[in-house]
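One structure is given below, encoded as structure tokens.
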Amino acid sequence: MPFGSEAVESGIALALSGGGYRAVLFHCGAIIRLNELGILGRLKRISSVSGGSIFAGVLATRWSALAFENGVARNLATEVIDPLRRFCGETIDVWSVISGALTPFKTAGDYVVDAYRDKLGLGVRLSELPDTGPRFVFNSTNLSTGASFRFSKPYCGDYRIGLIEDHSFDVATAVGCSSAFPPVLSPIELEVDPDSFTRTEGADLYDQVELRTELSLADGGVYDNLGLETVWGRYTDILVSDAGKPFEVDGSLSALWPKQLLRVMDIGLNQALSLRKRVLVDAFVDKERGGAYWGINTPIARYSVGDPFPVPAEKTQALSRMRTRLNAFSEHEQGELMNWGYAVTDAAARSHIPGFAGLERPPNLPFPAQGLDV
């Protein structure tokens, strides 16, 4: 199927941003609330990048084990949330970087992929994911073509070199490529049979065989940190959970050129991200799409719901500035991030998703021992 050939259809799609372990935990809270509202089981597609893909990888491989009753997965915690919490209590980035530096034939990214297989059970092939439930799309960035390289059950590829319909990639590989943040964890190099690609409409680089022989893939957030492109234009209702790093004003920029270069890159990425957000919000306002957006730095008072969870602006800012590494998060940090994802998703859903206006707020956050006070 050529890229972009899918017609817009009725249904709900969810995009999960990047942001390391912070994003994993924030999305855990968001999904807990979406599950309680009966939305999780109605999703048609889940598109993810980076930390969002870590979460989506576990959800995808456990989907068949979820026990839905009246539209709500009663065992979401044991099947999905608990394994992710254990994983986010371990540090894998430092160990992977050191191991990659000491091993001539494996990179840091390769060791991260191994951790996804060994610790999260993501060695399941994409082709073995269930046909029921949402389609999971894991987005990475093809450093050679400058385009998004997508991994999914029916096909993998990017629009410039075509797609592979008969593939053997496992979920760990897809998640590893999606979360291989440069420069320390990327690129992940995949050797593939160039003849396995099918030329698609607009594949202007298909004839460059070397681009179909060795793929150089990095974090999907380099191209689209919202994971929005693979759901935009596909479904009538779009939900976006954004745990990405907010852009920070820097009044004391160093004169050192490496820091200036990094700052220039941050500005460029922020401008691209801001444009995607504006297009999304404009589509919501103009009724071109239904849905909702919530971000890790969105003040909860901004939503029109009358009784949001009382989360101080200072706490929102503190949580949005938490690290995005793949290093151990304490139980308290985990609880706060999941509570915040839950609270802001609740406010966004009850404000903007049809059918939930007027719904009462839950009495408690899911992890009351870790409140959201300053």
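Sequential numbering from 216 applies to the sequence shown in the numbering used here.
No residue lacks a Cβ here, since even glycine has one placed at the ideal position from N, Cα and C.
Given a cut-off of 8 Å, decide if Ser363 and Asp373 are closer than it, judged by their beta-carbon atoms. By one-based count along the sequence shown, residue 373 stands at place 158. By one-based count along the sequence shown, residue 363 stands at place 148. It is a contact, given that the beta carbons lie within the stated cut-off.
Which partner residues of Cys371 appear in the DSSP bridge assignment? In the sequence shown, counting from the first residue as 1, residue 371 sits at position 156. Partner(s): Phe366 and Ile379.
In terms of residues, what are the limits of the alpha helix (DSSP H) holding Val390? In the sequence shown, residue 390 corresponds to position 175, counting from 1. Val386 to Ser393 is the extent of the alpha helix (DSSP H) around Val390.
Taking DSSP's pairing of strands, which residues face Ser342 in a bridge? Position 127 of the sequence shown, counted from the first residue, corresponds to residue 342. For Ser342, which the question treats as bridged, DSSP gives no partner whatsoever.
Is it buried or exposed for Ala323, if we count other Cβ within 10 angstroms and need 16 for buried? What you label residue 323 is simply residue 108 of the sequence shown in a count that begins at 1. The residue in question, Ala323, is buried, as its Cβ has 16 or more Cβ neighbours within 10 Å.
Please go through the same chain and pick out, in chain order, the residues whose beta-carbon is closer than 6 Å to the beta-carbon of Arg414, but skip the five residues on each side of it. As a position in the sequence shown, residue 414 is number 199, starting the count at 1. Gly377 and Tyr421, listed in sequence order.
Which ranges would you report for the alpha helix (DSSP H) in the region 229 to 269 if only whole runs of at least 4 residues count? Counting only runs of 4 or more, we get 235 to 251.
Give me the residue from Leu454, Lys368 and Arg540 with the minimum Cα distance to Ala564. Against the sequence shown, residue 564 aligns to sequence position 349. Of the candidates Leu454, Lys368 and Arg540, the residue whose Cα lies closest to the Cα of Ala564 is Leu454.
Got a sec? Which residues, its chain only, sit under 8 Å from Ser265 by beta carbon, not counting five neighbours each side? Residue numbering aside, residue 265 sits at position 50 when the sequence shown is read from its first letter. Around Ser265, the same chain offers Ser232, Gly233, Gly234, Gly235, Ala238, Ser393, Ser394, Phe396, Asp434, Gly435, Gly436 and Asn440 as residues with beta carbons nearer than 8 Å, after the five sequence neighbours per side are excluded.
If you run the structure through DSSP and keep just helix, strand and coil, what is Thr293? Residue 293 sits at position 78 when you count from the first residue of the sequence shown. Reduced to three states, the DSSP call for Thr293 is helix.
Would you list the one or two residues that DSSP bridges to Thr413? Here residue 413 corresponds to residue number 198 of the sequence shown, with the count starting at 1. Its beta-bridge partners are Leu378.
Would you tell me roughly how many angstroms separate the C-alpha atoms of Pro525 and Asp385, rounded to the nearest one? Position 310 of the sequence shown, counting from 1, holds the residue named residue 525. Position 170 of the sequence shown, counting from 1, holds the residue named residue 385. Approximately 42 Å between the Cα atoms of the pair.
Note down the Cα distance separating Ala507 from Glu224, rounded to an integer number of angstroms. As a first step, residue 507 must be located in the sequence shown, where it is residue number 292. As a first step, residue 224 must be located in the sequence shown, where it is residue number 9. Computed Cα separation, rounded: 17 Å.
Kindly indicate the opening and closing residues of the beta strand (DSSP E) around Asp457. For the purposes of this step, residue 457 is taken as the residue at position 242 of the sequence shown. Annotation: the continuous beta strand (DSSP E) that includes Asp457 extends over Tyr450 to Asp457.
I'd like to know whether the C-beta atoms of Pro398 and Glu380 end up nearer to each other than 8 Å. Sequence index remark: in the sequence shown, residue 398 carries index 183 (1-based). Sequence index remark: in the sequence shown, residue 380 carries index 165 (1-based). The answer is no: Cβ separation not under 8 Å.
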